[in-house]
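Novice:
In the numbering used here, the protein residues as written are 1 to 606.
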């Protein structure tokens, strides 16, 4: 037994150095492949070390790599110091990769890019995949997400399996979701890059089953057909995405959209529909070469449902309309929406908006709520309100009273009035009660005490005709000055002067308050050539103009970006509804002027 052992030891001592190196390498490689990186690093280090000559480059680099994988960065850096500048060929590539990895662990993106730049291109595909990954990580670390996106997209095209590509794009999304990396969209983002940012936001939703999240996912699919990130989102189901009639639309940059405009252009609403149409066309013409092709359909003649089907069949890639609340409700009830659709009224304030649908409306209920907030912000805590005895008046009553109560105000009395009357003394006296002073001829009223104890404000829901009669009669009934608020319906901007309306405060379109800023040519035409037909409908032209701008934003994927429209500051919310914030106006010397102070909407305001 001892003799055999002696023979074995002698044989090992007499084996050539190459054979011993091969055995050591096999041991180190085996340890590395089994995940024992620290042990592998020590084995490679023993192989690289020589007592009487320089360290061997290759095993020293492999030792550095394994130390790095084991999390022992100081030892990895120590091993790189043994190599100096002797690495050439494949060893130089390995050196650059390890240097880049070390730099990234230290948070030094610039040093990582410098190390990678030392390897001349073009890189062969297997090497390129790893080099591009390191390069992308460096860009994201440096706060350059657009460069990181571009690099990982290039890497994705090199990867040969769907699984590898999915992992690549998941990494891209994770990088965009890191705090501070992409809190705002960088300037110069292409449509494809913007889609990555939007995708990262959608995937960051805490509840992917939420209807709003599902809606955003469906819309993202519709706007970005063929995008490499599509596989990271579940495909929209039939109900959410209207798959039965779905067809891919053009991506931004592939050409102008074809827009279908569905409005009542005959019948009782033809003048309203015509004003919206002309404002829409004016905004479209202002886009020049980028203007979309516009198809116009008369919903009064065809019906909203048939008009919509015809529009889709005729190749519309986005639909604007219909206009009336009833047509919107019928469209939602009877039609799938295979293309983005911007309806111009609301279907149901409480309902969920279908996928691909957006709501933009001149909603007086929004204005009534804004008036309630402003009243309280102005320091008025209790007052009266008058509403027309119509369904419109009932909706405004619900909106105003609920918002006033929510903001701390108190409504002392509310009265409905007959819109066909010209004498409103009855509902006014009922609303004012003992504070109605016109019928009191005793002269014993104390105006100071009345002002302290009586109503501090009046809210009047009325169209311009009724308001011109109601507000002066309200002033006549009062024994003290009473602030009066209304919605924009109470003032006709075509009126040259109405001194009996002085003091009225109401929300107004910025376009009107600022004399046509934003669309000066349309403003000039409406006050010159179209003065007769435009009278009383100036806001509708602005509404149509803004609808065209919103359609362009939807088409371009800019749905989360606020815009200064003619009708207000507009923003498409996550649920598909367009939020519209207006300026405030006051009538002074018979004309509308901008109020100097604008109440900020409260948190959670609709």
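Glycine included, C-beta positions come from ideal geometry on N, C-alpha and C.
1) Quick one: residues in its chain with C-beta nearer than 6 Å to the C-beta of residue 370, no 5 flanking neighbours on either side, listed in chain order?
2) Check whether the stretch 361-369 touches the stretch 475-483, taking contact to mean three or more Cβ pairs, one atom from each stretch, closer than 8 Å.
3) Can you tell me where the beta strand (DSSP E) holding residue 120 begins and where it ends?
4) Beta strand (DSSP E) containing residue 382: first to last residue?
5) Who does residue 272 pair with in a DSSP beta bridge?
6) Count the other C-beta atoms from every protein chain shown that fall within 10 angstroms of the C-beta of residue 466, then say buried if there are 16 or more, exposed otherwise.
7) Just tell me which of 583, 533, 174 has its CA closest to the CA of residue 513.
8) Please give the ranges of any beta strand (DSSP E) in the stretch 481-535, keeping only runs that are unbroken, at least 3 residues long and fully inside the region.
9) Let me know the secondary structure DSSP gives residue 258 once reduced to three states.
10) Reducing DSSP to helix, strand and coil, say where residue 233 ends up.
11) Could you check how far apart the C-beta atoms of residue 435 and residue 386 are, in whole angstroms? I think they sit under 8 Å.
12) I need the straight-line Cα distance from residue 586 to residue 511, nearest angstrom please.
13) Under the rule that 16 or more other beta-carbon atoms within 10 Å means buried, what is residue 284, buried or exposed?
14) Assuming residue 322 and residue 344 are in contact, meaning their beta carbons sit under 8 Å apart, how far apart are those beta carbons, in whole angstroms?
15) Tell me whether residue 110 is buried or exposed, calling it buried when 16 or more other Cβ atoms sit within 10 Å of its Cβ.
16) Taking only runs that begin and end inside the stretch 294-367, name each unbroken beta strand (DSSP E) of 3 or more residues, in chain order.
17) Suppose the cutoff is 6 Å on Cβ atoms and the five residues either side in sequence are ignored; what does the same chain contact list for residue 267 look like?
18) Can you grab the Cα-Cα spacing for the pair residue 193 / residue 135, in whole Å?
19) Closest to residue 195 by C-alpha separation, out of 79, 156, 149, 162, would be which residue?
20) Which whole-angstrom value is the C-beta distance of residue 543 and residue 319, which I expect to be below 8 Å?
21) Measure from the alpha carbon of residue 404 to the alpha carbon of each residue in 388, 424, 459, 420, then state which is nearest.
22) Could you name the residues of the same chain whose beta carbon sits closer than 8 Å to that of residue 61, not counting the 5 residues immediately before and after it, in chain order?
23) So the candidates are 152, 168, 278, 420; which of them puts its Cα closest to the Cα of residue 462?
24) In the structure shown, what three-state DSSP assignment does residue 590 receive?
25) Once you ignore the five residues that flank residue 526 on each side, which residues in its own chain have a CB closer than 8 Å to its CB?
26) Ignore the nearest five residues each way along the sequence and tell me which others in residue 591's own chain have a CB closer than 7 Å to its CB.
27) Nearest-angstrom Cα distance between residue 125 and residue 557?
28) Given a cut-off of 9 Å, decide if residue 158 and residue 169 are closer than it, judged by their beta-carbon atoms.
29) Below 8 Å on the Cβ atoms is my guess for residue 279 versus residue 265; work out the distance and round it to an integer in Å.
30) At which residues does the beta strand (DSSP E) containing residue 549 begin and terminate?
31) Under 8 Å, with one C-beta from each stretch per pair, do the stretch 375-392 and the stretch 564-579 reach the 3-pair mark?
32) Just grab the DSSP bridge partners of residue 263 for me.
33) Reducing DSSP to helix, strand and coil, say where residue 248 ends up.
34) Work out the CA separation of residue 347 and residue 191 for me, nearest whole Å.
35) Which residues in the same chain as residue 27 place their Cβ atom closer than 7 Å to its Cβ, once the five residues preceding and following it in sequence are excluded?
36) Excluding the 5 residues preceding and the 5 following residue 395 in the sequence, name in chain order all residues of the same chain whose CB lies nearer than 6 Å to its CB.
Specialist: A quick look at the data gives this:
1) Taking the first residue of the chain shown as position 1, residue 370 is located at position 370. So the qualifying residues of the chain are 507.
2) Because the criterion of three Cβ pairs below 8 Å is not met, the stretch 361-369 and the stretch 475-483 do not touch.
3) As a working note, residue 120 is residue 120 in the chain shown. Segment: none, residue 120 is in no beta strand (DSSP E) and carries neither H nor E.
4) Against the chain shown, residue 382 aligns to sequence position 382. Its beta strand (DSSP E) spans residues 382-388.
5) Reading the chain shown from its first residue, position 272 is the one you call residue 272. Paired residues: none, contrary to the question.
6) Here residue 466 is taken as the residue at index 466 of the chain shown, counted from 1. Taking all protein chains shown into account, residue 466 has 16 or more neighbouring C-beta atoms within 10 Å of its C-beta and is therefore buried.
7) Position 513 of the chain shown, counting from 1, holds the residue named residue 513. Selected option, being the one with the closest Cα: 583.
8) DSSP runs (the beta strand (DSSP E)) wholly in the stretch 481-535: 484-486, 504-508.
9) To locate residue 258, count along the chain shown from 1; it is residue 258. Strand, per DSSP.
10) Your numbering for residue 233 matches position 233 in the chain shown. Coil at residue 233, not helix or strand.
11) In the chain shown, counting from the first residue as 1, residue 435 sits at position 435. In the chain shown, counting from the first residue as 1, residue 386 sits at position 386. Between the beta-carbon of residue 435 and that of residue 386 there is about 14 Å, and that puts the pair past the 8 Å contact cut.
12) As a working mapping, residue 586 is identified with position 586 in the chain shown. As a working mapping, residue 511 is identified with position 511 in the chain shown. Linking residue 586 to residue 511 through their CA atoms gives a straight-line distance of about 15 Å.
13) Along the chain shown, read from residue 1 onward, the residue named residue 284 stands at position 284. Under this definition residue 284 is a buried residue.
14) For this step, residue 322 is matched to residue 322 along the chain shown. For this step, residue 344 is matched to residue 344 along the chain shown. Contact flag correct, Cβ pair sits at about 7 Å.
15) Taking the first residue of the chain shown as 1, we reach residue 110 at position 110. Classification for residue 110: exposed.
16) You should have 318-320, 341-343, 357-359.
17) As a first step, residue 267 is located in the chain shown; it is residue number 267 there, counting from the start. Its chain contains 300 as the residues whose beta carbon lies nearer than 6 Å to that of residue 267, once the 5 sequence neighbours on both sides are disregarded; these appear in chain order.
18) The residue given as residue 193 occupies position 193 in the chain shown. The residue given as residue 135 occupies position 135 in the chain shown. Straight-line spacing of the CA atoms in residue 193 and residue 135 works out to 17 Å.
19) Numbered from its first residue, the chain shown carries residue 195 at position 195. The shortest Cα separation from residue 195 among 79, 156, 149, 162 belongs to 149.
20) As a first step, residue 543 must be located in the chain shown, where it is residue number 543. As a first step, residue 319 must be located in the chain shown, where it is residue number 319. The Cβ separation is near 17 Å, so there is no contact.
21) Position 404 of the chain shown, counted from the start, is the residue given in the question as residue 404. Of the listed residues, the one whose Cα sits closest to residue 404 is 459.
22) Numbered from its first residue, the chain shown carries residue 61 at position 61. Around residue 61: 79, 80, 83, 87, 91, 94, 95, 98.
23) For this step, residue 462 is matched to residue 462 along the chain shown. The residue from 152, 168, 278, 420 with its alpha-carbon nearest to that of residue 462 is 420.
24) As a position in the chain shown, residue 590 is number 590, starting the count at 1. Residue 590 sits in coil when the DSSP states are folded into three classes, being neither helix nor strand.
25) Taking the chain shown and counting its residues from 1, the one referred to as residue 526 is at position 526. Listed in chain order, the non-local C-beta contacts of residue 526 below 8 Å within the same chain comprise 534, 538, 541, local neighbours out to five positions each way being set aside.
26) To locate residue 591, count along the chain shown from 1; it is residue 591. So the list reads 497, once near-sequence residues are dropped.
27) Residue 125 sits at position 125 when you count from the first residue of the chain shown. Residue 557 sits at position 557 when you count from the first residue of the chain shown. Whole-angstrom Cα-Cα distance: 34 Å.
28) Numbered from its first residue, the chain shown carries residue 169 at position 169. Numbered from its first residue, the chain shown carries residue 158 at position 158. For residue 169 and residue 158, no; Cβs fall outside 9 Å.
29) Stepping through the chain shown from its first residue, residue 279 is reached at position 279. Stepping through the chain shown from its first residue, residue 265 is reached at position 265. Contact doesn't hold; Cβ gap of about 14 Å is too wide.
30) Residue numbering aside, residue 549 sits at position 549 when the chain shown is read from its first letter. From DSSP, residue 549 is part of no beta strand (DSSP E) but of the alpha helix (DSSP H) over 538-556.
31) They do not touch, by the three-pair rule.
32) Here residue 263 refers to the residue found at position 263 when the chain shown is read from its first residue. Residue pairing for residue 263: DSSP places it in a beta bridge opposite 298.
33) Walking along the chain shown from the start, residue 248 turns up at place 248. Per-residue confidence for residue 248 stands at a pLDDT of 35, beneath the threshold of 50, marking its modelled position as unreliable; the derived number appears in the next sentence. Looking at residue 248 - three-state DSSP - the assignment turns out to be coil, as it is neither helix nor strand.
34) Looking up residue 191 in the chain shown gives position 191. Looking up residue 347 in the chain shown gives position 347. In a straight line, the C-alpha of residue 191 is about 31 Å away from that of residue 347.
35) Here residue 27 corresponds to residue number 27 of the chain shown, with the count starting at 1. Result list for residue 27: 43, in chain order.
36) Your numbering for residue 395 matches position 395 in the chain shown. Closer than 6 Å at the Cβ level, and outside the excluded window around residue 395, lie 365.
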